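Single-structure report; data block below.
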Amino acid sequence: MSNKTLRIEGVTRTFPGRGRAAPTLALQPTSLEVAPGEFVAILGPSGCGKSTLLRIVAGLDQPSAGSVALDGAPVTGPGPDRGMVFQSYTLFPWLTVERNIRYGLEERGLPEAEQRAIAARFIDRTGLRGFENHWPRQLSGGMQQRCALARALANDPEILLLDEPFGALDHQTRELMQELLLEIWQADRKTVLFVTHDIDEAVFLANRVLVMSARPGRIKAEVAVPLPYPREWTVKTTPEFGALKARLMAEIREEVRKAAIA
Amino acid sequence: MQPLKPVSPGARLVLGAGFFAVFLGAWAFVTYGGHVPALFLASPGRTLSSGWSLLTEYGFLGDIAVTVFRVVGGFLIAAVMAVPLGLLMGAFKPVEAFFEPFFSFCRYLPASAFIPLLILWAGVGEAQKLSVIVIGSVFQLVIMVAVVAGATRPDLVEAAATLGSRPVSILRRVVIPAAAPQIAETLRLVLGWAWTYVIVAELIGASSGIGHMIMDSQRLLDTGQMIFGIVVIGVIGLVTDFAVKSLNRWLFPWAAL
Ligand SMILES: Nc1ncnc2c1ncn2[C@@H]1O[C@H](COP(=O)(O)OP(=O)(O)OP(=O)(O)O)[C@@H](O)[C@H]1O
Ligand SMILES: [Mg+2]
Numbered sequence: 001m002s003n004k005t006l007r008i009e010g011v012t013r014t015f016p017g018r019g020r021a022a023p024t025l026a027l028q029p030t031s032l033e034v035a036p037g038e039f040v041a042i043l044g045p046s047g048c049g050k051s052t053l054l055r056i057v058a059g060l061d062q063p064s065a066g067s068v069a070l071d072g073a074p075v076t077g078p079g080p081d082r083g084m085v086f087q088s089y090t091l092f093p094w095l096t097v098e099r100n101i102r103y104g105l106e107e108r109g110l111p112e113a114e115q116r117a118i119a120a121r122f123i124d125r126t127g128l129r130g131f132e133n134h135w136p137r138q139l140s141g142g143m144q145q146r147c148a149l150a151r152a153l154a155n156d157p158e159i160l161l162l163d164e165p166f167g168a169l170d171h172q173t174r175e176l177m178q179e180l181l182l183e184i185w186q187a188d189r190k191t192v193l194f195v196t197h198d199i200d201e202a203v204f205l206a207n208r209v210l211v212m213s214a215r216p217g218r219i220k221a222e223v224a225v226p227l228p229y230p231r232e233w234t235v236k237t238t239p240e241f242g243a244l245k246a247r248l249m250a251e252i253r254e255e256v257r258k259a260a261i262a
Numbered sequence: 001m002q003p004l005k006p007v008s009p010g011a012r013l014v015l016g017a018g019f020f021a022v023f024l025g026a027w028a029f030v031t032y033g034g035h036v037p038a039l040f041l042a043s044p045g046r047t048l049s050s051g052w053s054l055l056t057e058y059g060f061l062g063d064i065a066v067t068v069f070r071v072v073g074g075f076l077i078a079a080v081m082a083v084p085l086g087l088l089m090g091a092f093k094p095v096e097a098f099f100e101p102f103f104s105f106c107r108y109l110p111a112s113a114f115i116p117l118l119i120l121w122a123g124v125g126e127a128q129k130l131s132v133i134v135i136g137s138v139f140q141l142v143i144m145v146a147v148v149a150g151a152t153r154p155d156l157v158e159a160a161a162t163l164g165s166r167p168v169s170i171l172r173r174v175v176i177p178a179a180a181p182q183i184a185e186t187l188r189l190v191l192g193w194a195w196t197y198v199i200v201a202e203l204i205g206a207s208s209g210i211g212h213m214i215m216d217s218q219r220l221l222d223t224g225q226m227i228f229g230i231v232v233i234g235v236i237g238l239v240t241d242f243a244v245k246s247l248n249r250w251l252f253p254w255a256a257l
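Protein chains in written order, with the UniProt record's numbering: chain U, 1 to 262; chain S, 1 to 257.
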């Protein structure tokens, strides 16, 4: 269970142009507060600055203006309190599944027995039992992302930043991964910031969905998802789910069209 | 033949051995057929018998050992200096900005041109032989290792940072392991170049070694011995290359080599 509040205040990001090119305004002033244990999904058209925002929260990029703070402590760089799962596969190819999951624990200098016990727990929870000693290149895409999730979770971060973690997976695998993530979140109630293109995914998982405008991005709408937890996949067929989806679709269609024309 | 279509291991072996056979055949044809005077080019049989007498009567094994010692010694000295510096340059851009222009300049200085100077400085002993190899390899190695280390996937570095790694630990736990297989390949390549430098060093002002033997044989107009010496270098090169390749595959099972 997380207990720290994430506060994003007036965060802006402009990428300097190369040579004579004009600078790119990727993110307009964005403010957001995420309470401990919330699951917030960020939905928006391609190129609207979702990754930029997440990377700033992770400390991997610096805002041009504004600030990010976790329980009042300003974020100045990456740290183990903000775990991240990237859209690309980022397991360390030279480490086995188990050693990948132990990476952050080794960094903290935990005794090996403890590392192994924690890794074993997350191997079980992500269904990777039997693959502990495989190299990443021997895993399917879905398994690699489960391992990346286990690696982030094993480190016990305050906040989990997920940047389209299932974006490269096929539809069926993706749905299984959503259920797995939801199960884990329902058990741990960690604060999650989840970026996605997929409306179903956002509604199914989150208790709050933010819609971002086309570039330069800003938060243009906020939709609460009052569906009760624990949620099962069957919730996707309920009229409430359908209504929320329709509303978000209307919000985002406009932006996607703008992004496509721009 | 389809472009880029792989060939089976068996066929690869047969084809590879095939060209050796063609080459030997051509050699035998021009020498046994009397198309070139024996003084200029010894026949394969003559080369083998010269080689046998070199090994049994003239202590050529000692020369081989001396040359191998020089190559390995010079190469190790170069590697010990170049690999850590190259890693630091690849990982930390200010370090690279400091050293890279100078080393890129040094890289184009031909090692053989240093031999007269080195003889002046270090005489004709082992120190001079080793220096030629070190000068020939170290700058190439530094630059190549820096490029390899600098090509570490940035998303892996970022993943490590979000897992709590600080810069030194990122260097140790991400950049070095990520670059290791490529660095091993680079070392294999540069070891091959070290062989050419040692022979050049031994052709000038040496009293032992394969290169010295070849020089001596030239004075006696013994082309059989000269060719045997050259072939020995080739065989040692081929064997080390194969051994290092297997070692790399064994060391880095995770890399799909
Ligand atoms: N390092 C960079 N240098 C220059 N421009 C950048 C850089 N990173 C991102 N941008 C620009 O900022 C904008 C937002 O990028 P960002 O990656 O945040 O989009 P996104 O919403 O994550 O898109 P997607 O859904 O396709 O991943 C884009 O227009 C992109 O071109
Ligand atoms: Mg993105």
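Even for Gly, the Cβ is constructed at its ideal location relative to N, Cα and C.
Bear in mind the structure is a predicted one, so any value in this text is a computation, not a measurement.
Judged by beta-carbon spacing, T31 (chain S) lies within the 8 Å limit of S43 (chain S), meaning their Cβ atoms are closer than that value. Note that the C-beta distance between F204 (chain U) and Q186 (chain U) is not below 8 Å.
If you draw a 10 Å sphere on the C-beta of L88 (chain S), you find 16 or more other C-beta atoms in it, and that means buried. In the three-state reduction of the DSSP assignment, F114 (chain S) falls in the helix class.
Not one beta carbon of chain S lies nearer than 8 Å to the beta carbon of N3 (chain U).
In the three-state reduction of the DSSP assignment, E255 (chain U) falls in the helix class, which pools H, G and I.
The beta carbon of D71 (chain U) sits closer than 7 Å to those of K4, T5, all from its chain and outside the five residues before and after it, given in chain order. Inclusion of A65 (chain S) and L171 (chain S) in the CB contact set at 8 Å is not warranted, their separation being larger than that value. Proximity to ligand 2 was defined by a C-beta distance below 7 Å to any of its heavy atoms, and the residues meeting it, in sequence along the chain, are U:K50, U:S51, U:Q87, U:D163, U:E164, U:V195. About 5 Å separates the beta carbons of V142 (chain S) and G86 (chain S), which is inside the 8 Å limit, making them a contact pair. Straight-line spacing of the CA atoms in A17 (chain S) and F242 (chain S) works out to 15 Å. For the 8 Å CB-CB criterion, T186 (chain S) and V235 (chain S) do not form a contact. Per DSSP, L187 (chain S) is one residue of the alpha helix (DSSP H) stretching across 176-203.
Within chain S, no residue has its beta carbon less than 8 Å from that of A26 (chain U); the closest one is some 17 Å off.
Considering only S:V174, S:S169, S:I135, S:P37, the residue with the shortest C-alpha distance to R153 (chain S) is S:V174. Restricting attention to alpha helix (DSSP H) runs no shorter than 4 residues, the region 75-157 of chain U encloses them at 97-101, 103-108, 112-125, 141-154, ordered along the chain. Neighbourhood of S88 (chain U) in chain S, by CB distance below 7 Å: D155, in chain order. C-alpha of V72 (chain S) to C-alpha of G142 (chain U): approximately 46 Å in a straight line.
With respect to the 8 Å criterion, F166 (chain U) and Q145 (chain U) are classified as neighbours on the basis of their beta carbons. If you draw a straight line from the Cα of A26 (chain S) to the Cα of V36 (chain S), it is about 12 Å long. Here M212 (chain U) is bridged, per DSSP, to U:I219. At least 8 Å separates the CB of N133 (chain U) from every CB of chain S.
The C-alpha of T126 (chain U) is placed about 7 Å away from the C-alpha of A150 (chain U).
Annotation: Cβ neighbours of R82 (chain U) in chain S (cutoff 9 Å, chain order): T162. The three-state secondary structure of T30 (chain U), taken from DSSP, is strand. Below the 9 Å Cβ cutoff, chain U contributes R55, A58, L60, P78, M84, F86, T90 as neighbours of E158 (chain S), in chain order.
For G104 (chain U), the neighbours in chain S by C-beta distance under 7 Å run, in chain order, L163, G164. Contact annotation for A255 (chain S) against chain U: P93, W94 [CB-CB distance below 8 Å, chain order]. Neighbours of E107 (chain U) across chain S, judged by C-beta separation under 9 Å: A160, L163, G164, S165, R166, S169, R173.
In this structure, A201 (chain S) sits away from G192 (chain S), with a CB-CB distance that is not shorter than 8 Å. Scanning chain U for C-beta atoms nearer than 9 Å to the C-beta of P6 (chain S) yields nothing, as the closest lies near 19 Å away. Taking C-beta atoms as the reference points, A180 (chain S) and F252 (chain S) count as a pair closer than 8 Å. Q140 (chain S) has its alpha-carbon roughly 13 Å from the corresponding atom of V80 (chain S). Among the CB atoms of chain S, none fall inside 8 Å of the CB of R99 (chain U). Within the same chain, Q144 come within 6 Å of Y89 (chain U) by CB-CB distance, once the 5 residues on both sides are set aside. Contact annotation: E132 (chain U) and T96 (chain U) have beta-carbon atoms nearer than 8 Å.
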